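A.B. asks:
Chains as they are written, first to last, in my numbering: chain X, 327 to 943; chain S, 36 to 400.
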């Protein structure tokens, strides 16, 4: 404390002669800071309409509004909704910016809105790329016109920063057997989440439900993941069973369209939805006890299902719960159909298939295995004895390249099927696999394992030849990466020309041509090759895995003529899943362009409703 | 002489906000004063029970308009204690620097109110201008001028922008350079001394009994400061002093406000020197699924007006089961003020109230 004075204060008089500090608004303005939290900007091209901004808004200032002019693409996780702000409620906290998974939302440095109409405070934000009229360059900007429809260009303020994002972009790593170890046997590659890992992964889910629209079977993904997070895997399983009765199978081999739509993938890794489903299915040991389901009261109707694949199994389950009698025919010795034959043990062990099939059988579904329609039972008999028939046969016949000497090659499905029996294929040290899809990957990776078992320590090689180049390979990236990690040699963009035989008529190698392009200008499959660019791949065993087709030989000619097909050679069905033959329904790979288990389940769900109303008509 | 009941506020120029007093007066002398809070009750504590942990974060700061930052701090401390969240070291330093800036800003605002009340308009306008310079810093760091919504559980919301350290130093030098002017015009002004000395006296025993904290208790010679008693953020990383005085009157309380500002500025310089590199935020769990384990926590920090406490209970759910704030203005504005007004002159009501640094929104919440 200094000396008290009465005259001291007069020293302040000097300030009379200084320049004033006050800004003469609006003629003098102050620039807002670079991080200013003003009005919203939203990049509609990036925005997916997930609605997380609306969910986190503490003032409920944001609602999601449908814009019909935007094309919704559910399989990519894109909705046609965009956030709409009520600036009467907004507190400019910016939580919406920090939660925004695509990072499309940001706040601008504008904060002035002068208008006679209070309704203009309700506003759908866009960014300066979209609106030339509202966003003007600096020299055209006038503060006297400042409003939501007169703003500065390039005036972004508080914007998204991944270090401070409210969501977690990193998934919990799935424990995996390393490539060098797993390629020596058929041990299951991924070991599955434990409870702690599953809860931690489930916690990442933002509950925006984009995945549910992308899933062909529309599983209630958010709900079952929430149940896992709540530590209730039993509840989770119950929710899964509402739409998908084969969780142990789908938890391993689902094509996970959901994860392609997950909003977390936009700036991080998608939620491991498939592995979480697997966790729920594996954690619950006894489905019967947990699900406490009983077949519906008996209706007196009988349905025959041809094929016990994912579609047939699901249909049987749904119809049984409605109270119908269901008989499932399959030529294999167990349930699962193609998933029993195709996916190798390291991806889908038989025990997991049986767990799902056994549960469906326990509900009272009658399975007739080792029974081939057309051979053991006539198809007409099914049509006359049952109230409805469902064809879920899938694609069971492997296609051949039909190049010279291709009859010396093995076919993918036969090869895979035999590996599932006790008499596994005897493989050679040099194997060539033709094809670039997931089945080809299965064949190659199984071959590698068989080589390592049968020729331990020897210098073995599995070469893949595919028409498609790296970026076009139809197999999933995951499969390609894993196959490369295991040491499979890829020869992308090479097409087979001729199988080379030695003097004894045994396979010696494959003559290949360099591919110029696989598809023509219209996107149709029509490969072209470079003249004269050829190479020989050495190999003493060749497996062709270039695709599969259906086998309709069980349907008599007279009926076959009445069945209509689409231009892409798929069975034609109506919105209830019924073919052009009354009372005969179909679904799965023989109907869909998108050939996978979960799409077959979706078909089965539709067909079960269709069959139910058909029979009670 | 005839007794008279006099209503002072809420519509009164000398009032601190939506708050009023009923005075029993005899002539100019106040016989008894009773405070009437409740004009500004917004039900924050109840609201908090209905909103998720993250949605409370942009709201708690609104409890106190003058210094929202200590509210953010105490909420984050509470959540961190309940949920066991670690805060990075750099974030501790940024929090301390940020809170000291907030203290300077808040004290300048308080000085404006007090000087204005006594009619020292020149000083009041200086204080307001200098507060605006501090707000410019906040705007640059957080994007907001008044409600910064910056300190959140797990750390702070953004790191310092480029060149921000220099800006802090420059701004604080600008303000600090005016201390001689403030002193000669106000703090050493004989008129201020005459108006404030021996006015609104509160003894240490009275202050302790009535829950006086902050300047009220420090003006009675007790160096009670939560930053020293129970250090949080980075307050134990650098040396600093707690300014005290002995008189316990309005004059000494305002002088403590001045000394504290200077101490804060020195502390910021030291913290800026010591500040480590590193990240400033440990990610909190997904806010839509965030549950905090069952438990209760009491945390406290030193706001610009004294000890601020938060008692928060979680029942393991998505929102707090109960939250209760112990705000300094609650005891200062109700019990201490009523006591200090007894026997005072009507013309000193505003003087005493402002020197107690009563902030009405804090009383009601």
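Even for Gly, the Cβ is constructed at its ideal location relative to N, Cα and C.
Keep in mind the model is a prediction, meaning the values are calculated, not measured.
CB-CB under 6 Å to residue 316 of chain S, same chain, minus the five flanking residues each way: which ones, in chain order?
C.D. replies: The answer, listed in chain order, is 189 and 190.
A.B. asks: Residue range of the beta strand (DSSP E) that residue 652 of chain X falls in?
C.D. replies: From DSSP, the beta strand (DSSP E) with residue 652 of chain X extends over 651-655.
A.B. asks: Quick one: Cα of residue 510 of chain X to Cα of residue 757 of chain X, how far?
C.D. replies: Near 16 Å, if we compare the C-alpha coordinates of residue 757 of chain X and residue 510 of chain X.
A.B. asks: For residue 527 of chain X and residue 562 of chain X, I'd like the C-alpha separation in whole angstroms.
C.D. replies: Going by the C-alpha atoms only, they are around 14 Å apart.
A.B. asks: Would you please verify whether the beta carbon of residue 493 of chain X is less than 8 Å from any beta carbon of chain S?
C.D. replies: It does; some Cβ of chain S falls within 8 Å.
A.B. asks: What is the DSSP secondary structure of residue 368 of chain S, counted as helix, strand or coil?
C.D. replies: Reduced to three states, the DSSP call for residue 368 of chain S is helix.
A.B. asks: I'd like to confirm the pairing. Which residues does DSSP put opposite residue 838 of chain X in its beta bridges?
C.D. replies: X:822 and X:861.
A.B. asks: If the cut-off is 9 Å on Cβ atoms, which residues from the region 752-775 of chain X count as contacting chain S, listed in chain order?
C.D. replies: Correct list: empty, as no residue qualifies.
A.B. asks: Can you give the Cα-Cα distance for residue 349 of chain S and residue 85 of chain S, rounded to whole angstroms?
C.D. replies: In a straight line, the C-alpha of residue 349 of chain S is about 12 Å away from that of residue 85 of chain S.
A.B. asks: Is the Cβ-Cβ distance between residue 575 of chain X and residue 923 of chain X less than 8 Å?
C.D. replies: Yes. Within cutoff.
A.B. asks: Within its chain, find whatever has a CB closer than 8 Å to the CB of residue 374 of chain S; leave out the 5 residues flanking it on each side and keep chain order.
C.D. replies: Here the set comprises 237, 241 and 245.
A.B. asks: Per DSSP, residue 790 of chain X forms a beta bridge with which residues?
C.D. replies: In DSSP, residue 790 of chain X forms a bridge with X:759 and X:816.
A.B. asks: May I have a chain-ordered list of the beta strand (DSSP E) segments no shorter than 3 residues that lie completely inside the region 851-939 of chain X?
C.D. replies: Listed in chain order, they are 851-864, 867-870 and 910-912.
A.B. asks: Along the beta strand (DSSP E) that carries residue 366 of chain X, what are the first and last residues, could you check?
C.D. replies: Residue 366 of chain X -> beta strand (DSSP E) spans 366-368.
A.B. asks: Do you know whose CA, among S:287, S:297 and S:311, lies nearest residue 392 of chain S's CA?
C.D. replies: Comparing Cα-Cα distances from residue 392 of chain S to each of S:287, S:297 and S:311, the minimum goes to S:287.
A.B. asks: Output, in sequence order along the chain, the residues in the region 162-185 of chain S whose CB is closer than 8 Å to any CB in chain X.
C.D. replies: Answer set for the region 162-185 of chain S: 164, 171, 174, 175, 176, 177, 178, 179, 182 and 184.
A.B. asks: When you compare the CB of residue 512 of chain X with every CB in chain S, is at least one pair closer than 8 Å?
C.D. replies: No, residue 512 of chain X lies away from the interface with chain S (no Cβ there is under 8 Å from its Cβ).
A.B. asks: Report yes if the C-beta distance between residue 171 of chain S and residue 133 of chain S is below 8 Å; otherwise report no.
C.D. replies: No, these two residues do not count as a Cβ contact at 8 Å.
A.B. asks: Please name the residue in X:717, X:622, X:762 and X:848 whose C-alpha comes closest to that of residue 903 of chain X.
C.D. replies: The residue with the shortest Cα to Cα distance from residue 903 of chain X is X:717.
A.B. asks: Any idea if residue 181 of chain S is buried or exposed, counting beta-carbon neighbours within 10 angstroms, 16 or more meaning buried?
C.D. replies: Its Cβ having fewer than 16 others within 10 Å, residue 181 of chain S is exposed.
A.B. asks: Taking only three categories from DSSP, how would you classify residue 336 of chain S?
C.D. replies: Strand.
A.B. asks: If we cut at 8 Å on Cβ distances, does residue 157 of chain S have a partner in chain X?
C.D. replies: Interface residue, yes.
A.B. asks: Just to make sure I have the definition right: I need the residues of chain X whose C-beta is within less than 8 Å of the C-beta of residue 193 of chain S. Which are they?
C.D. replies: By Cβ distance, chain X contributes 361, 487 and 490.
A.B. asks: Check distances from the C-beta atoms of the region 300-333 of chain S to those of chain X and list, in chain order, the residues that come in under 8 Å.
C.D. replies: Within the region 300-333 of chain S, the qualifying residues are 314, 316, 318, 319, 320, 321, 322, 323 and 324.
A.B. asks: Between residue 90 of chain S and chain X, is the shortest Cβ-Cβ distance under 8 Å, so that the two count as touching?
C.D. replies: Output row for residue 90 of chain S: interface = yes.
A.B. asks: Return the residues of the region 703-721 of chain X that lie within a Cβ-Cβ distance of less than 8 Å from chain S, sorted by chain order.
C.D. replies: Cβ contacts with chain S: none found.
A.B. asks: Contact between the region 479-498 of chain X and the region 434-450 of chain X is defined here as three or more beta-carbon pairs at a separation below 8 Å; is this criterion met?
C.D. replies: These segments touch.
A.B. asks: Which one or two residues does DSSP pair with residue 630 of chain X in a beta bridge?
C.D. replies: Residue 630 of chain X is bridged to X:653 and X:715.
A.B. asks: Look up residue 262 of chain S in the DSSP assignment and say whether it is helix, strand or coil.
C.D. replies: Here residue 262 of chain S sits in helix by DSSP.
A.B. asks: Taking residue 126 of chain S as the reference, which of S:164, S:187 and S:371 has the closest Cα?
C.D. replies: Comparing Cα-Cα distances from residue 126 of chain S to each of S:164, S:187 and S:371, the minimum goes to S:187.
A.B. asks: Is there a Cβ of chain S sitting closer than 8 Å to that of residue 530 of chain X, yes or no?
C.D. replies: Yes, residue 530 of chain X lies at the interface with chain S (some Cβ there is under 8 Å from its Cβ).
A.B. asks: Measure from the C-beta of residue 209 of chain S to each C-beta in chain X and report whether the shortest distance is under 8 Å.
C.D. replies: No, because no Cβ of chain X sits closer than 8 Å to the Cβ of residue 209 of chain S.
A.B. asks: Please report the residue range of the beta strand (DSSP E) in which residue 59 of chain S lies.
C.D. replies: 55-61 is the span of the beta strand (DSSP E), which, as asked, contains residue 59 of chain S.
A.B. asks: For residue 446 of chain X, which residues from the same chain have a beta carbon less than 7 Å from its beta carbon, with the 5 sequence-adjacent residues on both sides left out?
C.D. replies: So the qualifying residues of the chain are 474.
A.B. asks: How would you label residue 515 of chain X, buried or exposed, when you count the other beta carbons within 10 angstroms and need 16 or more for buried?
C.D. replies: Flag for residue 515 of chain X reads buried.
A.B. asks: Along the region 533-555 of chain X, where does the CB come closer than 8 Å to a CB of chain S? Name the residues.
C.D. replies: Those residues of the region 533-555 of chain X that come within reach of chain S (Cβ to Cβ, closer than 8 Å) are 533, 552 and 555.
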